[in-house]
Amino acid sequence: MVRRAALDDYVVETLLPDLVGHDRSPSSFIVFVKLWHDAGGAGKRIQVSLSTLAVETGLSKSSVQAALRRLRRRGFVATKQASPTAVPVHTLNAPWRR
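Take any residue in the sequence shown, count from 1 to its spot, add 4: that is its number in our numbering.
As C-alpha cells, this is what we get:
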C-alpha cells in the first residue's frame, strides 16, 4: 500500500529555506519530508529505525540522528522509545498550524 500525504505549502515555502538555508541542515529537511510522506502527514506516527531512515534517504546514520535532534528541538518531530534499544516511534507535528 502506497501512502501519500500532500505537503503543506509551509513545508516547501518556509521550512525548506529555513532548514536548508538558515540552519544549513538539508538532512533535516530530507528526514522531515521522508517521515511526513511515510507517516501520512501531521499528527501521524511512524515506527522506523535510524538505520532504515539512513538507507531510505541515502544519508548516514549519524546525519539522520543529527537531523532528528534538530527536528525535535524545533518541535517538528516527537520521538518515544520503549527502551534504549527499541525502534523509536516518531510523531510528526505541524506547529505552524496552531
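Don't be surprised by glycine CBs; every beta carbon is placed ideally from N, CA and C.
Where does the unbroken alpha helix (DSSP H) through residue i begin, and where does it stop?
i	result
Thr56	Leu54 to Thr61
Arg78	Lys65 to Arg78
Lys38	Pro30 to Ala43
Which stretch, first to last residue, makes up the beta strand (DSSP E) that contains residue i?
i	result
Val16	Premise fails: Val16 is in no beta strand (DSSP E) and is neither H nor E.
His94	Val93 to Leu96
Lys84	Val81 to Lys84
Arg102	Looking at the DSSP string, Arg102 is not in any beta strand (DSSP E), and its letter there is neither H nor E.
Report the CB separation of residue i from residue j in whole angstroms; it is logged as a contact under 8 Å.
i	j	result
Val81	Arg49	Contact doesn't hold; Cβ gap of about 10 Å is too wide.
Could you pull out every residue in the same chain whose Cβ sits closer than 6 Å to the Cβ of residue i, ignoring the five residues on either side in sequence?
i	result
Ile34	Thr61
Ala103	Residue 103 cannot be examined here, being either before or after the span of the chain that is shown, 5 to 102.
Gln85	Pro92
Near residue i, which residues of its chain fall below 8 Å by C-beta distance, leaving aside the five closest residues on each side in sequence?
i	result
Thr18	Trp100
Thr83	Leu72, Arg76, Pro92, Val93, His94 and Thr95
Ala46	Asp12, Trp40, Leu96, Asn97, Ala98 and Arg101
Measuring only the C-alpha atoms, how far is residue i from residue j?
i	j	result
Val69	Ser32	According to the sequence provided, residue 69 is Gln. The question's Val does not apply to it. Their backbone Cα atoms lie some 9 Å apart in a straight line.
Ala10	Leu39	12 Å
Lys65	Arg102	32 Å
Ser67	Ala98	22 Å
Which same chain residues, not among the five before or five after residue i, have their C-beta less than 7 Å away from its C-beta?
i	result
Thr20	The sequence given here has Leu at residue 20, not Thr. The answer, listed in chain order, is Phe33.
**Message:** Can you confirm whether the segment 42 to 54 touches the segment 13 to 23 when touching is taken to mean that 3 or more C-beta pairs between the two stretches lie within less than 8 Å?
**Reply:** no
**Request:** Would you check if there are 3 or more beta carbon pairs closer than 8 Å linking the segment 73 to 90 to the segment 56 to 64?
**Result:** By the Cβ rule, the segment 73 to 90 does not count as touching the segment 56 to 64, because fewer than three pairs are nearer than 8 Å.
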